[in-house]
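Engineer: Residue numbers (full-length UniProt numbering): 1 to 508. My structure is below; once you've seen it, I'll send some questions.
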Amino acid sequence: MPEWFNQYPSQIVIALLALGFIAAGGLGYLLRGRKVARLSEEFQRVQQALMQTQQEYQQEQERYQVLQQASQQQLAQLQSYQVEEARQQERVIAQQQQLAQQQAKLEQLEHTLRDSQQQLQQSQTQLATEQETRLQQQQHAEEKLALLQSNKEEMLKEFELLSQKIFEQKTKQFTEQNRVGLDTVLTPFKEQLEGLKKKVEDVHIDDVRDRTTLKAQITELHQLNKQMTTEAHALTTALRGEKKTQGNWGEMVLERVLERSGLRAGEEYQREQSMQNDEGQRFRPDVIINLPEGKHIVIDSKVSLNAYTDYVAAETDEARTLAARRHTDAIRNHIRSLSEKAYQQLEGINSPDFVFLFMPIEPAFMLAFQHDESLFNDAFERRIVVVTPTTLLATLRTVASIWAIERRNKSTEKLAEQAGKIYDKLTIVVDRMETLGKQLNTAQGTWDSAWNSLKTGRGNLFSQADQFLKLGVRVKKELAKNLVEEANDEHDLHESMRLKPLVVDSDD
Numbered sequence: 001m002p003e004w005f006n007q008y009p010s011q012i013v014i015a016l017l018a019l020g021f022i023a024a025g026g027l028g029y030l031l032r033g034r035k036v037a038r039l040s041e042e043f044q045r046v047q048q049a050l051m052q053t054q055q056e057y058q059q060e061q062e063r064y065q066v067l068q069q070a071s072q073q074q075l076a077q078l079q080s081y082q083v084e085e086a087r088q089q090e091r092v093i094a095q096q097q098q099l100a101q102q103q104a105k106l107e108q109l110e111h112t113l114r115d116s117q118q119q120l121q122q123s124q125t126q127l128a129t130e131q132e133t134r135l136q137q138q139q140h141a142e143e144k145l146a147l148l149q150s151n152k153e154e155m156l157k158e159f160e161l162l163s164q165k166i167f168e169q170k171t172k173q174f175t176e177q178n179r180v181g182l183d184t185v186l187t188p189f190k191e192q193l194e195g196l197k198k199k200v201e202d203v204h205i206d207d208v209r210d211r212t213t214l215k216a217q218i219t220e221l222h223q224l225n226k227q228m229t230t231e232a233h234a235l236t237t238a239l240r241g242e243k244k245t246q247g248n249w250g251e252m253v254l255e256r257v258l259e260r261s262g263l264r265a266g267e268e269y270q271r272e273q274s275m276q277n278d279e280g281q282r283f284r285p286d287v288i289i290n291l292p293e294g295k296h297i298v299i300d301s302k303v304s305l306n307a308y309t310d311y312v313a314a315e316t317d318e319a320r321t322l323a324a325r326r327h328t329d330a331i332r333n334h335i336r337s338l339s340e341k342a343y344q345q346l347e348g349i350n351s352p353d354f355v356f357l358f359m360p361i362e363p364a365f366m367l368a369f370q371h372d373e374s375l376f377n378d379a380f381e382r383r384i385v386v387v388t389p390t391t392l393l394a395t396l397r398t399v400a401s402i403w404a405i406e407r408r409n410k411s412t413e414k415l416a417e418q419a420g421k422i423y424d425k426l427t428i429v430v431d432r433m434e435t436l437g438k439q440l441n442t443a444q445g446t447w448d449s450a451w452n453s454l455k456t457g458r459g460n461l462f463s464q465a466d467q468f469l470k471l472g473v474r475v476k477k478e479l480a481k482n483l484v485e486e487a488n489d490e491h492d493l494h495e496s497m498r499l500k501p502l503v504v505d506s507d508d
């Protein structure tokens, strides 16, 4: 394809079209008639050529667009390359500048290095001079120390003795203060423990004594029962027909039972205490037994024994049967009368719902219940319990044991309370002992620190004291050699570390 065709494609197409139309018109005019067919054919050929030309034009146009796009892409790449090249040039310029700066620094460092080498040579020369001077000073000092060496140990021993004496005095003073403080704290605690121990031993002794006494009293009770039965038979005739005498004798037997029971008059029991009921009526029970927790037992001893004396004096079975019936009726009537008094309902009485009816003669009791077996049940239904010296003494001994247990329980409660106080005091003592232990540890640490400051480190006190001996100071007693040697070794170690020369390699 010619170059001019690519430059003016649309104009060429229009020219060709116009040429085609002109040619067609001219042929029409010239060849009208006979040449119409030929012109028509020519026109078709031209038209086909024109269409082919148009197709080629379109193809060329498409090719041109592709080339134009490729050219634009290449132009864009070229522009990108140009931008990147500009950046690279800027980087090269910057690196050249950095290189120039580094080169300048290198030159400066080389100059500094030359100066440093010169200063190092000067320092080495000066150091050698100083080492020589120090060596001379050290030799001079050694000469002085040699002069003091003869008196060194005596002075060190004296100093050690002095420090040990001071430490012993302080330790003794501190120990004495702690001992006084501990005695102040522990003495009350010790006294309380001794008191508690004594009370526990007393309670144990009382318990053993009470058990032994109770066993002996039970044995005595059997003997007393036999004795009282014999005395009752002996007094039966003398008491017959005299009610007041019978009453006094019954009260006397009751008093003997109370005395042997172990109860204390006025505390565990009261005799003939005047009391009144809710209606204002006054009564005087023979005996009121006090029980723990504010409770009571009422005892009555005013039973008639006339019929029983008749029974004992009767000579025939019929007379004895009648006397036994009258004896049983008299006891039943007294049970009924005692039940109507209702002692357990008196003001100030906190009694179980029954009253003791005391019969001073055991055989009289046995006779009544043998003659009428329902008498005991009738009495119990009326809240009356018939007792004899034997059964009453056993009951009162039980009450005495209950009181002994109550007293021991109270003592135990007091002991428990005191033990709690002692325990609380013990916790305080333990806290103070812990504080004291911490203070002792602190004192030990302070002593260790003070002792180490005397013999360790550069220029320690032992080493300096040794210098006095080397300088010719006269002392009466020197410090221990092992302490001085250890202190000097410590001093020399620190001194050598401080004076260690700087080694420089001249080849570098």
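For glycine and all other residues, C-beta sits at the position ideal for the given N, C-alpha and C.
Between which two residues does the beta strand (DSSP E) harbouring residue 295 extend?
Structural biologist: 295-300
Engineer: Hey, how far is the Cα of residue 87 from the Cα of residue 109?
Structural biologist: 32 Å
Engineer: Tell me, please, whether the region 373-384 touches the region 323-337 by the rule of three or more beta-carbon pairs shorter than 8 Å.
Structural biologist: Taking a cut-off of 8 Å for Cβ pairs, the region 373-384 and the region 323-337 touch, as three or more such pairs fall below it.
Engineer: Does the beta-carbon of residue 343 have 16 or more other beta-carbons within 10 angstroms, so that it is buried, or is it exposed?
Structural biologist: buried
Engineer: For residue 471, does the three-state DSSP call read helix, strand or coil?
Structural biologist: coil
Engineer: Using a Cβ-Cβ cutoff of less than 6 Å, which residues in the same chain neighbour residue 493 once the five nearest sequence positions on both sides are dropped?
Structural biologist: By the criterion of a C-beta distance shorter than 6 Å, residue 493 is surrounded by no residue of its chain, once the five residues flanking it on both sides are discounted.
Engineer: If we count the other Cβ atoms within 10 Å of its Cβ and call it buried at 16 or more, is residue 393 buried or exposed?
Structural biologist: buried
Engineer: To the nearest angstrom, how far is the alpha carbon of residue 406 from that of residue 447?
Structural biologist: 60 Å
Engineer: What number of angstroms, rounded off, separates the C-alpha of residue 102 from the C-alpha of residue 95?
Structural biologist: 10 Å
Engineer: On the three-state DSSP scale, how would you describe residue 264?
Structural biologist: Here residue 264 sits in coil by DSSP.
Engineer: Have a look at residue 374 and residue 368 and give me their C-alpha separation to the nearest angstrom.
Structural biologist: A direct Cα-to-Cα measurement between residue 374 and residue 368 gives close to 10 Å.
Engineer: Is there contact here, the region 304-313 with the region 321-328, by at least three beta-carbon pairs under 8 Å?
Structural biologist: yes
Engineer: Straight-line CA distance for residue 285 to residue 383?
Structural biologist: 16 Å
Engineer: Would residue 507 be called buried (16 or more neighbouring beta carbons within 10 Å of its own) or exposed?
Structural biologist: Low confidence applies here, because residue 507 scores a pLDDT of 47, under 50, leaving its location unreliable; read the following figure in that light. Its Cβ having fewer than 16 others within 10 Å, residue 507 is exposed.
Engineer: For residue 526, count the other beta carbons within 10 Å of its own beta carbon; 16 or more makes it buried, fewer makes it exposed. Which is it?
Structural biologist: Lying before the first or after the last residue shown, residue 526 is absent from the chain, which here runs from 1 to 508.
Engineer: Please state whether the Cβ-Cβ distance between residue 403 and residue 268 is less than 8 Å.
Structural biologist: Inclusion of residue 403 and residue 268 in the CB contact set at 8 Å is warranted, their separation being smaller than that value.
Engineer: Would you mind reading off the limits of the beta strand (DSSP E) that contains residue 269?
Structural biologist: 269-271
Engineer: Does the separation of the CB atoms of residue 362 and residue 398 fall below 8 Å?
Structural biologist: no
Engineer: Between which two residues does the alpha helix (DSSP H) holding residue 288 run?
Structural biologist: Segment 287-291 is the beta strand (DSSP E) holding residue 288; no alpha helix (DSSP H) there.
Engineer: DSSP on residue 383, reduced to helix/strand/coil?
Structural biologist: In the displayed model, residue 383 falls within coil according to three-state DSSP, outside both helix and strand.
Engineer: With DSSP run on the structure shown, which of helix, strand or coil describes residue 493?
Structural biologist: helix
Engineer: Do residue 300 and residue 354 count as a contact pair if the criterion is CB distance below 8 Å?
Structural biologist: Taking 8 Å as the Cβ cut-off, residue 354 and residue 300 do not qualify as a contacting pair.
Engineer: Do you know how far the Cα of residue 427 is from the Cα of residue 435?
Structural biologist: Each residue's alpha carbon lies about 12 Å from the other.
Engineer: List the endpoints of the continuous alpha helix (DSSP H) containing residue 357.
Structural biologist: From DSSP, residue 357 is part of no alpha helix (DSSP H) but of the beta strand (DSSP E) over 355-358.
Engineer: Taking the CB atoms as reference points, tell me whether residue 304 and residue 396 lie closer together than 8 Å.
Structural biologist: no
Engineer: Which residue's Cα is closest to the Cα of residue 212: 413, 463, 401 and 22?
Structural biologist: 401
Engineer: For the ligand MN, I want to know if residue 446 counts as a neighbour, meaning its beta carbon is within less than 7 Å of at least one of the ligand's heavy atoms.
Structural biologist: Looking for the ligand MN in the displayed structure turns up nothing, as the structure carries no ligands at all.
Engineer: According to DSSP, is residue 256 part of a helix, a strand, or is it coil?
Structural biologist: helix
Engineer: Express the C-alpha separation of residue 56 and residue 48 in angstroms, rounding to a whole number.
Structural biologist: 12 Å
Engineer: Is the beta carbon of residue 371 sitting closer than 8 Å to the one on residue 325?
Structural biologist: Cβ atoms of residue 371 and residue 325: closer than 8 Å.
Engineer: With 16 other CB atoms within 10 Å as the buried threshold, where does residue 442 fall?
Structural biologist: Within a 10 Å sphere around the beta-carbon of residue 442 sit fewer than 16 other beta-carbons, which makes this residue exposed.
Engineer: Output the distance between the C-alpha atoms of residue 20 and residue 73, rounded to the nearest integer angstrom.
Structural biologist: 40 Å
Engineer: Please classify residue 42: does DSSP put it in a helix, a strand, or coil?
Structural biologist: helix
Engineer: Helix, strand or coil for residue 373? Go by DSSP, reduced to three states.
Structural biologist: coil
Engineer: Helix, strand or coil: how does DSSP classify residue 406 here?
Structural biologist: helix
Engineer: On a Cα-Cα basis, can you pick out the residue from 307, 263 and 59 that is closest to residue 292?
Structural biologist: 263
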